């Protein structure tokens with residue numbers, strides 16, 4: 001058998017650069033649409049214009065390495081021409097981020113004002129959720145041991161709450177940060193109170209049962225809004241589930257065989273659902289667990 005070896009063509013260096021123009025154009029479009037120029041210009045200090053952030057945002061959506069590398073990338077003539085920026089030292093980026101951090105509350109508030117006024121959402125239903133982030137250090141004041149959702153129970157952590165405009169918008173609009181040992185029940189008020197002034201009356205607040213208690217529900221009702229959350233089941237709920245009757249229940253999804261019933265009370269509506277496919281999966285899991293136990297006993 002004759003094997004023909006193919007010779008690779010030699011690589012010839014050149015001065016061409018490759019740029020993700022889509023990311024740059026997206027930043028330029030929203031920078032203008034949301035009036036970022038005026039927002040950042042309000043915080044100009046000693047000749048330092050925060051609008052150099054347009055370049056940093058473009059870089060972070062393209063390569064996303066260090067600030068030092070961002071300075072090198074941005075100071076290429078072609079990039080400066082596209083972004084309509086003059087050349088600058090990388091220290092400008094550090095000073096820009098420092099100024100941004102000192103004024104972050106006011107800047108974020110202005111950005112959200114522009115965002116809501118620009119799009120004028122007809123509905124402001126939101127999803128609230130909380131998580132934890134591991135800290136690989138010991139000096140942070142917010143670092144505490146707590147229930148870890150970041151797979152690091154032996155490390156200090158912070159808890160984070162996120163507010164997201166619900167479907168079909170699906171855009172996060174606020175973030176709250178708390179100590180690592182703060183439970184969702186306690187964190188709820190910080191997250192909700194931060195965002196409630198931007199929500200319309202009658203908005204639906206969706207959150208998990210970990211933050212469900214009477215005080216938090218009253219916060220929502222006092223703001224003239226509605227809520228949807230998982231229930232913490234009691235004995236009467238267990239009885240309803242035990243006596244769940246498919247013939248009396250409403251067929252919610254024929255393909256997935258999901259049935260539901262609605263129980264209306266004075267101030268709340270409870271929904272109970274039954275899924276045949278989910279029941280089958282859970283029974284299979286329990287059967288496999290039982291078989292493993294039997295094998296271990298042999």
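In the UniProt record's numbering, the protein residues as written are 1 to 298. We treat Cβ as the ideally placed atom computed from N, Cα and C, and that holds for glycine. These numbers were taken from a predicted model, which means no experiment stands behind them.
In whole angstroms, give me the CA-to-CA distance for residue 184 and residue 217.
Distance between the alpha carbons of residue 184 and residue 217: 13 Å.
Under three-state DSSP, which class holds residue 207?
If DSSP states are grouped into helix, strand and coil, residue 207 belongs with the strands.
As an exercise, report each continuous beta strand (DSSP E) stretch of at least 3 residues that is fully enclosed by the segment 123-195, in chain order.
Taking only runs of at least 3 residues, the beta strand (DSSP E) segments lying wholly in the segment 123-195 are 126-134, 157-165, 171-179.
Identify whether residue 82 lies in helix, strand or coil by the three-state DSSP scheme.
It is helical.
At what residues does the beta strand (DSSP E) containing residue 253 begin and finish?
Residue 253 -> beta strand (DSSP E) spans 250-253.
Under the assumption that residue 188 contacts residue 211 (Cβ atoms under 8 Å), give the Cβ distance between them as a whole number of angstroms.
Yes, they are in contact, since the Cβ atoms of residue 188 and residue 211 sit about 4 Å apart, within 8 Å.
Do you know how far the Cα of residue 277 is from the Cα of residue 286?
So the two alpha carbons sit approximately 14 Å from each other.
Measuring straight from C-alpha to C-alpha, what distance separates residue 205 and residue 135?
Cα to Cα, the separation comes out at about 30 Å.
In this structure, what does DSSP give as the bridge partners for residue 222?
DSSP output for residue 222 lists no bridge partner at all.
Near residue 170, what residues of its chain come up, given a Cβ to Cβ distance below 8 Å and the 5 sequence neighbours on each side ignored?
164.
Is the separation between the beta-carbon of residue 230 and that of residue 256 shorter than 7 Å?
No, the pair does not count as a contact, with Cβ atoms beyond the cut-off.
Taking the alpha carbon of residue 137 as the reference point, which residue from 147, 149, 154 has its own alpha carbon closest?
Closest by alpha carbon: 154.
Just verifying my parser: in three-state terms, what is the DSSP assignment at residue 268?
Note: residue 268 maps to coil in three-state DSSP.
Can you name the start and end residues of the alpha helix (DSSP H) that residue 76 belongs to?
No alpha helix (DSSP H) contains residue 76, which DSSP labels as neither H nor E.
Leaving out five residues on either side along the sequence, give the residues of the same chain with a beta carbon under 8 Å from the beta carbon of residue 34.
Answer for residue 34: 111, 114, 115, 118, listed in chain order.
Starting from the C-beta of residue 152, find all residues in its chain whose C-beta is less than 7 Å away, skip the five residues before and the five after it, and write them out in chain order.
Once the five neighbours on either side are set aside, the close Cβ partners of residue 152 are 134.
Once you ignore the five residues that flank residue 90 on each side, which residues in its own chain have a CB closer than 6 Å to its CB?
68, 71, listed in sequence order.
Could you check where the alpha helix (DSSP H) with residue 99 kicks off and where it finishes?
Looking at the DSSP string, the run of the alpha helix (DSSP H) that includes residue 99 is 91-102.
With residue 288 as the anchor, note down where its alpha helix (DSSP H) starts and where it stops.
That run of the alpha helix (DSSP H) goes 276-297.
So the alpha helix (DSSP H) residue 27 belongs to, where does it begin and stop?
Residue 27 -> alpha helix (DSSP H) spans 21-33.
For the 8 Å Cβ check, are there 3 or more pairs between the segment 196-203 and the segment 119-134?
The segment 196-203 vs the segment 119-134: in contact.
What does a CB cutoff of less than 6 Å around residue 172 pick up in its chain, not counting 5 residues either side in sequence?
Here the set comprises 162, 164.
For a quick check, are the C-beta atoms of residue 86 and residue 74 less than 7 Å apart?
Against a cut-off of 7 Å, the Cβ pair of residue 74 and residue 86 comes out as no contact.
Note the first and the last residue of the continuous alpha helix (DSSP H) segment covering residue 60.
Here the alpha helix (DSSP H) through residue 60 covers 53-60.
Just to confirm, are residue 304 and residue 58 a CB contact at a threshold of 7 Å?
The first residue shown for the chain is 1 and the last is 298, placing residue 304 beyond what the model contains.
Of the residues 228, 226, 272, which one's Cα is nearest the Cα of residue 248?
Selected option, being the one with the closest Cα: 272.
With 16 other CB atoms within 10 Å as the buried threshold, where does residue 11 fall?
Its Cβ having fewer than 16 others within 10 Å, residue 11 is exposed.
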